[in-house]
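As you go down the protein sequences, you meet chains H and F in turn. When you number the first sequence by UniProt numbering, it's gap-free, plus one each residue, and the end is 296. When you number the second sequence by UniProt numbering, it's gap-free, plus one each residue, and the end is 217. The C-beta atom is built at its ideal place from N, Cα and C for all residues, glycine as well. Written out below as structure tokens is the structure these notes cover.
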Amino acid sequence: FAEFDDAADLLAANPDATTISIDEPSDIPKNKHGRLQQSGREEDDELLGTDDSDKTELLAGQKKSAPFWTFEYYQTFFDVDTYQVLDRIKGSVFPVPGKNFVRLYIRSNPDLYGPFWICATLVFAIAVSGNLSNFFIHLGKPTYHYVPEFRKVSIAATTIYAYAWLVPLALWGFLMWRNSKVMNIVSYSFLEIVCVYGYSLFIYIPTAILWIIPQRVVRWVLVVFSLCLSGSVLVMTFWPAVRDDNRRIALATVATIVLLHALLAVGCLAYFFDAPELDFPAPIIPVHNGTTVITK
Amino acid sequence: FADLADMSLSGDITVEGEITVPVGAPSPDEDFSTLDEPVRETIMRDLKAVGKKFVHVMYPKKSSTLLRDWDLWGPLVLCVSLALMLQGGSADSKEDGGPQFAEVFVIIWFGAVVITLNSKLLGGTISFFQSLCVLGYCVLPLTVAMLVCRLVLLAGAGTISFVVRLLVVLAMFAWSTLASTAFLADSQPPNRKALVVYPIFLFYFVISWMILTFTPQ
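Have a look at this one:
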């Protein structure tokens, strides 16, 4: 059934509308025969796209044929419909174990709409939620004067866009370098990596909104939960690309990806959201010379 | 060359046919020379065009006037007045205050440009400046909201004033978004409308947030 999969993928790579529907019927016979044949190998095919990576690279080259100084060239990166964007977002939030995000959803049609607007939304979600959360935490204190903290928007924007574009660039460069040393089976184009990173940031948007709740435990549970979800999307995408390499380098790469992702989440939490104070009212301590001192 | 000489000098060659020279009627534009009219008329014509577009935004019906005769005077006036009203007047510019004048300007214009590029990249058929024009004019309800907020804040800054401001800003935000969607939605490919409308929603949300969180120092 390997050839059937190839043909289905070749057919699916061009007319995007039929992408998802062709995938499912081919999955069912594979799963049925999974027990009889080498089930590990079939899983590998799903994750790696072994036979298809060359062909998808070729087809991707065919699509973007306009020269890069024309407007049409950039239009090819926005060739997505509403339901496709929604499907990709769903795929990033509910990672199916064993399915590769790039293979399943991107399918040689990486778009820049998702990464750009998800990052923009995340920037404003973090800035607005941080501001709101600080307002609620400090509400009622006599010395507190509300400020909109508009500076933080530009800081958030710089951080998130830098993360969403520079880290994929570094990762892509690293993978290309390893690819030249070790004949890797799977290689992703730069835009596909940007796409995965962009869509994997989506889970942080509701997380940022929920961070308004001024409870430390809640916030850290949210951090761990969203890190697991989006981290698993990244890991499942990049593990097949490095696993044929030296074991230690592969593990180090995947660990770095997860670590950077965690650093982004924790850094945003620490910088934009003030620590929620403990719940007892400020005690008044009578000092020896008779004046009272209010401590925080 | 003897043969050629015989052929060429055989006498006058008569040519038959018709020649028509179209005498064009003078086109209306040529008669309409704006050089001779008084300055007041020129200015009033532009002001009337801007005013008509303001009315179109307040009562959004699908009309092509806003799209066809685009101009950027209205958006400029609205942007400048909104940015001026958002100045808290704090003499000591504290770091974490509200947006500076330049920041509001950049957000509005850069945001409008990015949304226009986005809609064109997704396959929209509207022209660049028409889209800028629509997005700029639809900031009018939010400018009105800003004015109302400043007046309410003059009366006091308590919870009631906050609730009033919240309701006003919410209503104007909805109005802006619906107005601009009414004008822009038709030029988008049908299965990508949501992809185009969402950035417009985000744009007006950010402006509304700046208006709502305005606190005079």
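{"Asked": "Taking only three categories from DSSP, how would you classify H:Ile137?", "Found": "helix"}
{"Asked": "Assuming F:Ile107 and F:Val139 make a contact with CB atoms under 8 Å, what is their CB distance in whole Å?", "Found": "That belief does not hold up - the Cβ atoms of F:Ile107 and F:Val139 are roughly 11 Å apart, past 8 Å."}
{"Asked": "Between H:Phe174 and chain F, is the shortest Cβ-Cβ distance under 8 Å, so that the two count as touching?", "Found": "no"}
{"Asked": "Give the C-beta separation of H:Phe101 and H:Met183 to the nearest angstrom, bearing in mind that I take them to be a contact with Cβ-Cβ under 8 Å.", "Found": "Their Cβ separation, rounded to whole angstroms, is 24 Å, which puts H:Phe101 and H:Met183 out of contact at 8 Å."}
{"Asked": "What's the C-alpha gap between F:Lys61 and F:Asp69?", "Found": "16 Å"}
{"Asked": "Using a Cβ cut-off of 7 Å, pull out every chain H residue sitting near F:Trp209, in sequence order please.", "Found": "Val128"}
{"Asked": "Using 8 Å as the limit for Cβ to Cβ distance, is H:Tyr199 near chain F?", "Found": "no"}
{"Asked": "Using a 10 Å radius around the Cβ and a threshold of 16 neighbouring Cβ atoms, would you call F:Tyr59 buried or exposed?", "Found": "exposed"}
{"Asked": "Just confirm the distance between the C-beta atoms of F:Gly74 and F:Gly156, as a whole number of angstroms; I'd bet it's less than 8 Å.", "Found": "That pair is no contact at about 33 Å."}
{"Asked": "Taking just the CA atoms, how far does H:Leu229 sit from F:Ala194?", "Found": "26 Å"}
{"Asked": "Just reading off the alpha helix (DSSP H) that F:Lys52 is part of, what are its end residues?", "Found": "Val39 to Met58"}
{"Asked": "So does the segment 167-187 of chain H actually touch the segment 131-140 of chain H, counting three or more Cβ pairs closer than 8 Å?", "Found": "no"}
{"Asked": "Got a sec: is the Cβ-Cβ distance from F:Gly156 to anything in chain H below 8 Å?", "Found": "no"}
{"Asked": "Which term fits H:Asn246, buried or exposed, when burial requires 16 or more other beta carbons within 10 angstroms of its beta carbon?", "Found": "exposed"}
{"Asked": "Which same chain residues, not among the five before or five after F:Phe205, have their C-beta less than 8 Å away from its C-beta?", "Found": "Phe173"}
{"Asked": "Does the beta carbon of F:Thr213 come closer than 8 Å to any beta carbon on chain H?", "Found": "yes"}
{"Asked": "Out of H:Thr70, H:Phe150, H:Val196 and H:Gly91, which one is the CA nearest neighbour of H:Ile257?", "Found": "H:Val196"}
{"Asked": "Would H:Pro276 and H:Pro214 be called neighbours here (beta carbons separated by less than 8 Å)?", "Found": "yes"}
{"Asked": "Taking only beta-carbon positions, decide if H:Trp69 is within less than 8 Å of chain F.", "Found": "no"}
{"Asked": "Hey, does H:Val223 have any beta-carbon neighbour from chain F nearer than 8 Å?", "Found": "no"}
{"Asked": "Report yes or no: is there a C-beta of chain F within less than 8 Å of the C-beta of H:Trp117?", "Found": "yes"}
{"Asked": "Answer with yes or no whether the minimum CB distance from H:Phe78 to chain F is below 8 Å.", "Found": "yes"}
{"Asked": "Can you find a CB in chain F that lies within less than 8 Å of the CB of H:Pro148?", "Found": "yes"}
{"Asked": "Measure the C-alpha to C-alpha separation of F:Val163 and H:Ser129 and round it to an integer number of angstroms.", "Found": "19 Å"}
{"Asked": "Let me confirm a value: H:Pro168 is counted as buried when at least 16 other C-beta atoms fall within 10 Å, else exposed. Which label applies?", "Found": "buried"}
{"Asked": "Does any residue of chain F have a CB that is nearer than 8 Å to the CB of H:Tyr113?", "Found": "yes"}
{"Asked": "Please report whether the beta-carbon of H:Gln215 lies at a distance below 8 Å from any beta-carbon of chain F.", "Found": "no"}
{"Asked": "Would you tell me roughly how many angstroms separate the C-alpha atoms of F:Pro190 and F:Val144, rounded to the nearest one?", "Found": "32 Å"}
{"Asked": "Can you find a C-beta in chain H that's less than 8 Å from the C-beta of F:Tyr198?", "Found": "yes"}
{"Asked": "Which bits of chain F does H:Asp81 rub up against, with CB to CB less than 9 Å?", "Found": "Pro189, Asn191, Arg192 and Leu195"}
{"Asked": "Need the endpoints of the alpha helix (DSSP H) that H:Asn179 sits in, please.", "Found": "Arg151 to Lys181"}
{"Asked": "Count the other CB atoms within 10 Å of the CB of F:Ala171; is the residue buried (16 or more) or exposed (fewer)?", "Found": "exposed"}
{"Asked": "Between H:Ala120 and chain F, is any beta-carbon pair separated by less than 8 Å?", "Found": "yes"}
{"Asked": "Looking at the structure shown, is F:Asp186 part of a helix, part of a strand, or coil, going by DSSP?", "Found": "helix"}
{"Asked": "Since F:Cys138 is in the alpha helix (DSSP H), which residue starts that stretch and which ends it?", "Found": "No alpha helix (DSSP H) holds F:Cys138; DSSP gives it neither H nor E."}
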